[in-house]
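*Asks:* Sequence positions in the sequence shown follow this note's numbering and run 1313 to 1754.
First the structure, then my questions, so here it is.
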Amino acid sequence: MNLEEKLAQLKQAAQKTNSDAELERQLEYLQRVEIKTLPRRPLPAHRVPEGIEAYVDGRVEKNTHGEYFAAKQALPFGRPYGKLRIGDFSTADLNPLALFLGNATLPDPSRLMFLDTETTGLAGGTGTCAFLIGLGTIKGSQFLVTQFFLRDYPEEKAMLGAVADALKTHEGLVTFNGKTFDIPLLETRYALARMKSPFTRLLHLDLLHPARRLWKLRLESCKLGHLESEVLGVHREGDVEGSEIPAIYFDYLSTGDARGLPPVFYHNALDIISLAALTVELANVVGAHTSGARRATGAQAASPTSSIDLFSLSRIFERSGSHELSLSTCRQALEAGLPQTIETQALWELASQHKRRREHDRAVELWLELTRREVPLALRAFEELAIYYEHRRRDARTALDYAERAIEQGNSTPGSVQHEKFSHRVKRLRKKVGGNEGRLAL
1313 MNLEEKLAQL KQAAQKTNSD AELERQLEYL QRVEIKTLPR RPLPAHRVPE
1363 GIEAYVDGRV EKNTHGEYFA AKQALPFGRP YGKLRIGDFS TADLNPLALF
1413 LGNATLPDPS RLMFLDTETT GLAGGTGTCA FLIGLGTIKG SQFLVTQFFL
1463 RDYPEEKAML GAVADALKTH EGLVTFNGKT FDIPLLETRY ALARMKSPFT
1513 RLLHLDLLHP ARRLWKLRLE SCKLGHLESE VLGVHREGDV EGSEIPAIYF
1563 DYLSTGDARG LPPVFYHNAL DIISLAALTV ELANVVGAHT SGARRATGAQ
1613 AASPTSSIDL FSLSRIFERS GSHELSLSTC RQALEAGLPQ TIETQALWEL
1663 ASQHKRRREH DRAVELWLEL TRREVPLALR AFEELAIYYE HRRRDARTAL
1713 DYAERAIEQG NSTPGSVQHE KFSHRVKRLR KKVGGNEGRL AL
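Here you go:
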């Protein structure tokens, strides 16, 4: 090997050494950054999960999967809860809620379980865990709330097993947004634990959707807490915001300090009690109008005092196929008086129902009233009148008049879909009447 080759070899070795040194410097820098930015959490041996017994009234229990923590509280039937009493949960007639279950009937209240969870996040997926699972049910002369708490992740399988055991004697489940969030999340946890889901055999009523159908038009929000105050008359004190709950749990896991957990248990328990109360209230409202002879059960049998709720109820009946009930309830809402915008919707839906029943004279009266209302329903009413007079009454001249008035009132821009639609109808009707005497030049 000559001198030049030796020099080239030494140069290459030097470059490799410099590259390795630079790589080591970068790794050291990243390690320093990681140490500074990662939260400092005690090792599992430093945690004190047993500390929860000092702050929450419950005890550690054991099953074949291990230990778990459970808290129980029983509410006597005589205790008031807003406009209801706890005892109303056991005597309520829940049959009217079949409207929301494809005509499937909920089991007796004593065979029904109310479920709510507190989780480590709202995103769902395998990374989200339910650390508190609350169940509410009728037991004797009390409403029993049982809460299963995850003191640490290794206890999850035992907690899930305890929940499954509690559900064995029940036939129905009520949740609030459970079909979208709680139950899919729990089924994922059961699958990851290689355990059978206890929910597949249960008839499930997700109360969020019926509640929205009945109360959304009247209330700004259909969140559980808002329904609780506006519908039940319950106002919480000393509660914690739901958005703060995951951070409280993570703090507990990190420090072992359970002092922040009692408000979380309180929040979860109230959610379960309110869920049961809203189920009763919804059944009472629907039941009070499904039959003239039926009286809603409970200390204060519910009848919607709001005409807006009556209109919402008429839409519920129409959607379920109870057309006679829908018609009569919509009339009641209009007679009671509605805000103008909602009144216009009610008139339109009432006219549509009369049309489906082939009661065209009544529908025409309502369409005529709607032509004096705001766009767009006024234009739709003009269209219905034009169709009716052209095809039902064989009166092309009157049909032409309504089609032309629709263009005038709509003030639509030439070339728009709406304008072209009515323009085409006008041209065709003019040919029928055999002239060009329309009031609007197109």
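Quick reminder that beta carbons are idealized off the backbone N, C-alpha and C, glycines included.
It should be emphasised that the depicted structure is a prediction, and the values quoted were computed from it without experimental measurement.
Rounded to whole angstroms, what is the Cα-Cα separation between glycine 1633 and tyrosine 1578?
*Replies:* 41 Å
*Asks:* Following the continuous alpha helix (DSSP H) through leucine 1768, name the residue where it begins and the one where it ends.
*Replies:* Because the chain spans 1313 through 1754 in this model, residue 1768 falls outside it and cannot be assessed.
*Asks:* I'd like the list of long-range same chain contacts for glycine 1439, defined as Cβ closer than 7 Å, with 5 residues on each side in sequence excluded.
*Replies:* none
*Asks:* Going by alpha carbons, who is nearest to isoleucine 1620 out of Pro1388, Trp1527, Ile1364, Ala1386?
*Replies:* Trp1527
*Asks:* Could you compute how far the alpha carbon of arginine 1513 sits from the alpha carbon of arginine 1631?
*Replies:* 27 Å
*Asks:* So is asparagine 1415 buried or exposed if we call it buried at 16+ other beta carbons inside 10 Å?
*Replies:* Counting other Cβ atoms within 10 Å of its Cβ, asparagine 1415 stays below 16 and is therefore classed as exposed.
*Asks:* So, using beta-carbon positions, are glutamine 1454 and leucine 1387 closer together than 9 Å?
*Replies:* In this structure, the beta-carbon distance from glutamine 1454 to leucine 1387 falls below 9 Å.
*Asks:* Beta carbon of leucine 1689, beta carbon of leucine 1682: below 9 Å?
*Replies:* Yes.
*Asks:* Please state the DSSP three-state secondary structure of glycine 1537.
*Replies:* helix
*Asks:* For serine 1624 and aspartate 1707, what's the separation of their Cα atoms in angstroms?
*Replies:* Roughly 36 Å between the two C-alpha positions.
*Asks:* Does DSSP put glutamate 1373 in a helix, in a strand, or in coil?
*Replies:* The answer is strand: DSSP assigns glutamate 1373 an E or B state.
*Asks:* With C-beta atoms as the reference, is aspartate 1583 less than 9 Å away from phenylalanine 1488?
*Replies:* Yes, the pair counts as a contact, with Cβ atoms nearer than the cut-off.
*Asks:* Which class does arginine 1352 belong to by DSSP, given the choice of helix, strand or coil?
*Replies:* In this prediction, arginine 1352 scores a pLDDT of 41, lower than 50, which makes its location untrustworthy; no coordinate-derived value is stated.
*Asks:* Put arginine 1397 into one of helix, strand or coil per three-state DSSP.
*Replies:* It is a strand residue.
*Asks:* Restricting to Cα atoms, I'd like to know which of Phe1426, Glu1468, Arg1501, Tyr1380 is closest to leucine 1456.
*Replies:* Among Phe1426, Glu1468, Arg1501, Tyr1380, the Cα nearest to that of leucine 1456 is on Phe1426.
*Asks:* Pick helix, strand or coil for arginine 1751, following the three-state DSSP scheme.
*Replies:* Note on arginine 1751: pLDDT 46, under 50, position unreliable in the model; no value is reported.
*Asks:* Kindly indicate which residue of Gly1363, Phe1461, Glu1661 has the alpha-carbon position closest to the one of glutamate 1430.
*Replies:* Looking at Gly1363, Phe1461, Glu1661, the one whose alpha-carbon comes closest to that of glutamate 1430 is Phe1461.
*Asks:* So, with DSSP's three-state summary, where would you put glutamine 1612?
*Replies:* Note that glutamine 1612 has pLDDT 44, beneath the 50 cutoff, so the model's placement of it is unreliable and the number below is only indicative. Note: glutamine 1612 maps to coil in three-state DSSP.
*Asks:* According to the neighbour-count rule (16 or more other Cβ atoms, all chains shown, within 10 Å of its Cβ), is leucine 1504 buried or exposed?
*Replies:* exposed
*Asks:* DSSP three-state call for histidine 1672: helix, strand or coil?
*Replies:* helix
*Asks:* For arginine 1571, count neighbouring Cβ atoms within 10 angstroms of its own Cβ and tell me buried if that reaches 16, exposed if not.
*Replies:* Exposed.
*Asks:* Report, in whole angstroms, the separation of the C-beta atoms of serine 1402 and isoleucine 1445, which I expect to be a contact under 8 Å.
*Replies:* That pair is no contact at about 23 Å.
*Asks:* Short check: CB of glutamate 1379 to CB of glutamate 1467, under 9 Å?
*Replies:* yes
*Asks:* Compute the distance between the beta-carbons of leucine 1622 and alanine 1645, then report whether it is under 9 Å.
*Replies:* yes
*Asks:* Excluding five sequence neighbours on each side, which residues of the same chain lie with their C-beta closer than 7 Å to the C-beta of valine 1592?
*Replies:* Same-chain partners within the cutoff: Leu1396, Asp1400, Phe1401, Ala1404, Gly1610.
*Asks:* Within 10 angstroms of the Cβ of histidine 1736, are there 16 or more other Cβ atoms? Answer buried if so, exposed if not.
*Replies:* exposed
*Asks:* Can you find the residues in the same chain that come closer than 7 Å, C-beta to C-beta, to threonine 1500, ignoring five residues on each side of it along the sequence?
*Replies:* Thr1438
*Asks:* Quick one: what does DSSP say lysine 1469 is sitting in, helix, strand or coil?
*Replies:* Helix at lysine 1469.
*Asks:* When DSSP labels each residue in this structure, what does aspartate 1518 get in the three-state scheme?
*Replies:* strand
*Asks:* Return the CA-CA distance between alanine 1698 and threonine 1641, expressed in angstroms with no decimal places.
*Replies:* 29 Å
*Asks:* Between aspartate 1419 and threonine 1432, what straight-line distance do the alpha-carbon atoms span, to the nearest angstrom?
*Replies:* In the sequence under discussion, the amino acid at residue 1419 is proline, which differs from the aspartate named in the question. Rounded to whole angstroms, proline 1419 to threonine 1432 spans 32 Å at the Cα level.
*Asks:* On the DSSP bridge list, what partners appear for leucine 1456?
*Replies:* Ala1386, Thr1449
*Asks:* Write down every uninterrupted run of the alpha helix (DSSP H) in the stretch 1617-1642 whose length is 4 residues or greater and which is fully enclosed by it, in chain order.
*Replies:* 1619-1631
*Asks:* Is the separation between the beta-carbon of glycine 1484 and that of arginine 1548 shorter than 9 Å?
*Replies:* no
*Asks:* Which word fits leucine 1712, buried or exposed, when buried means at least 16 other C-beta atoms lie within 10 angstroms of its C-beta?
*Replies:* buried
*Asks:* So alanine 1715 and valine 1738 are supposed to be a Cβ contact under 8 Å. How far apart are they, rounded?
*Replies:* 5 Å
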